[in-house]
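Please read the structure below before turning to the comments.
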Amino acid sequence: MNQLPPITDAFGRVHRNLRVSVTDRCNIRCLYCMPEDVEFLPSAEVLSFEEIESVVSLLARMGINRIRLTGGEPLVRNELPVLVGKLKSIHGIKDLALTTNGVLLAPRAKELKLAGLDRVNISLDTLDRETFHHLTRRDCLSKVLEGIDAALECNFSQVRLNAVSIAGLTEDAILPLAYFATQRKIELRFIEFMPLDGDQNWGQDKVLDGKQIREIIEAEFGELTAAPRDYEAQPSVDFRFANGGKIGFINPVSEPFCKSCDRLRITAEGKLRNCLFSLQEWDLKSLIRDGASEDVIEAAIRECVGKKKASHGIDSRDFVRPQKAMYQIGG
Ligand code: SAM
Ligand code: SF4
């Protein structure tokens with residue numbers, strides 16, 4: 303396999319990280335992501351496993367070495383472990399992770415681990431059943447908790463919790479989540495609410511920022527101490543509790559981390575994006591299905607990365623929201 307030059311943008315950021323959305327469908331309807339009534343992509347428009355494998359193989363030769371499977375809810379895609387196996391065997395892929403809402407995880411965790419999945423992030427914003435029901439419009443907190451337990455039994459190299467925070471809604475969830483995570487020795491990350499909700503209700507006033515969350519945590523657990531990054535371009539700023547547990551804050555709104563971004567995204571319908579907030583996409587699926595040569599696909603990838611902006615600009619006056627919501631992009 304001949305290695306190709308790395309994918310570098312106009313600001314010198316080398317891209318090593320790829321998010322692959324395997325579906326836009328989901329079994330729950332988080333307020334901050336997916337509207338209740340939603341039209342999904344026809345199955346024929348979604349990249350097949352073989353198409354994903356071929357584009358990831360090319361990207362791996364261009365220096366991509368970390369992959370996260372996401373969606374929509376990746377576990378609603380049939381046979382996901384088959385894709386995990388295919389991607390894990392691609393030369394150069396060092397880390398293969400999954401982000402899931404956890405609802406369908408319990409019966410699938412072992413199979414995913416055996417197929418080669420390294421790490422799992424489980425999204426859990428609250429431990430309160432009513433608040434969970436309100437936030438996700440589904441009453442299935444117990445399934446997520448079963449999913450977490452199952453993942454912990456499988457010896458993944460990491461199981462982490464991701465909690466989106468929304469002002470006026472999730473303040474009371476913070477301390478119970480911190481206790482839950484530290485008791486189980488699971489890393490916990492809080493994520494600020496971004497303007498990517500399908501219902502378009504986002505506003506600055508709904509962002510419960512990382513600094514406020516940290517204050518709530520420190521008032522209860524004492525001062526947090528800064529922890530080193532797992533890898534340079536990680537979006538989260540990490541800390542340790544006095545008892546050694548780890549907690550992180552992903553603050554895209556209050557403290558954008560675009561300067562070190564090394565991420566690229568492929569949507570379920572095979573569009574390449576250089577940013578969550580990009581207004582432009584590169585249609586790799588059409589190129590693949592039209593039989594384009596590898597050189598042509600490589601050129602499209604380089605053009606996409608070459609046009610990446612310095613930052614997402616949420617805080618600027620001329621910010622324009624993308625037409626797509628988070629579930630259509632892949633968070
Ligand atoms: N369905 C899976 C899940 O929920 O984990 C994977 C896809 S989901 C789009 C990926 C992550 O994006 C989740 O952790 C979710 O909480 C987060 N997310 C969704 N909408 C968001 C928003 N508007 N702002 C911040 N995070 C968001
Ligand atoms: Fe589904 Fe994940 Fe979006 Fe929630 S955040 S609606 S679980 S895709």
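For our numbering, count along the sequence shown from 1 and bump the result up by 302. Built from N, CA and C at the ideal position, the CB exists for glycine as well.
Using only the heavy atoms of ligand 2, determine whether one of them is closer than 7 angstroms to the beta carbon of methionine 628. Sequence index remark: in the sequence shown, residue 628 carries index 326 (1-based). Flag set: Cβ of methionine 628 near ligand 2.
Extract the residue ranges of the beta strand (DSSP E) inside the segment 487–542, only unbroken runs of 3 or more that lie entirely within it. Qualifying beta strand (DSSP E) stretches, in chain order: 489–494 and 539–542.
Do alanine 529 and lysine 548 come within 8 angstroms of each other at the CB atom, strictly closer than that value? Numbered from 1 along the sequence shown, position 246 holds the residue referred to as residue 548. Numbered from 1 along the sequence shown, position 227 holds the residue referred to as residue 529. Closer than 8 angstroms, so yes.
Just mark isoleucine 497 as buried or exposed, buried being the case when its beta carbon has 16 or more other beta carbons within 10 Å. One-based indexing of the sequence shown puts residue 497 at position 195. The amino acid occupying residue 497 in the given sequence is proline; isoleucine does not appear at that position. Result: buried.
Sort out for me which residues DSSP pairs glycine 550 with in a bridge. In the sequence shown, counting from the first residue as 1, residue 550 sits at position 248. For glycine 550, which the question treats as bridged, DSSP gives the partners Arg491 and Asp540.
Pull up the DSSP beta-bridge partners for leucine 574, would you. In the sequence shown, residue 574 corresponds to position 272, counting from 1. Its beta-bridge partners are Ile568 and Trp584.
Verify whether the separation of the beta carbon atoms of cysteine 335 and glycine 500 is less than 8 angstroms. The residue you call residue 335 lines up with position 33 of the sequence shown. The residue you call residue 500 lines up with position 198 of the sequence shown. Their beta carbons are under 8 angstroms apart, which means cysteine 335 touches glycine 500 by this criterion.
Cutting at 8 angstroms between CB atoms, please list the residues of its own chain near leucine 454, excluding the five before and the five after it. Position 152 of the sequence shown, counting from 1, holds the residue named residue 454. Result list for leucine 454: Val461, Arg486 and Ile488, in chain order.
8 angstroms Cβ cutoff met for glycine 512 and asparagine 553: In the sequence shown, the residue the question calls residue 512 occupies position 210. In the sequence shown, the residue the question calls residue 553 occupies position 251. Yes; because the gap between Cβ atoms is below 8 angstroms, this pair is in contact.
Arginine 318 to proline 383 span [Cα, whole Å]: Translated into the one-based positions of the sequence shown, residue 318 becomes position 16. Translated into the one-based positions of the sequence shown, residue 383 becomes position 81. Their Cα atoms are separated by approximately 23 angstroms.
Could you pull out every unbroken alpha helix (DSSP H) segment of at least 4 residues lying fully inside the segment 318–363, listed in chain order? Taking only runs of at least 4 residues, the alpha helix (DSSP H) segments lying wholly in the segment 318–363 are 351–363.
Using 8 angstroms as the threshold, is the C-beta distance between leucine 426 and glycine 404 below it? On the sequence shown, position 124 is the one that residue 426 refers to. On the sequence shown, position 102 is the one that residue 404 refers to. In this structure, glycine 404 lies closer than 8 angstroms to leucine 426 by Cβ.
Take serine 323 as the anchor and find which of Leu333, Cys456, Glu355 and Ala312 has the nearest alpha-carbon. Locating residue 323 in the sequence shown gives position 21, where the first residue counts as 1. With distances taken between Cα atoms, serine 323 lies closest to Glu355.
With DSSP as the reference, label arginine 315 as helix, strand or coil. In the sequence shown, residue 315 corresponds to position 13, counting from 1. Correct three-state label for arginine 315: coil.
Heavy atom of ligand 1 within 7 angstroms of cysteine 335 beta-carbon: If you number the sequence shown from 1, residue 335 lands on position 33. Flag set: Cβ of cysteine 335 near ligand 1.
Can you tell which of Asp311, Ser350, Val316 and Asn304 has the C-alpha that lies nearest to the C-alpha of arginine 591? By 1-based counting over the sequence shown, the position of residue 591 is 289. Checking every option, the nearest Cα to that of arginine 591 belongs to Ser350.
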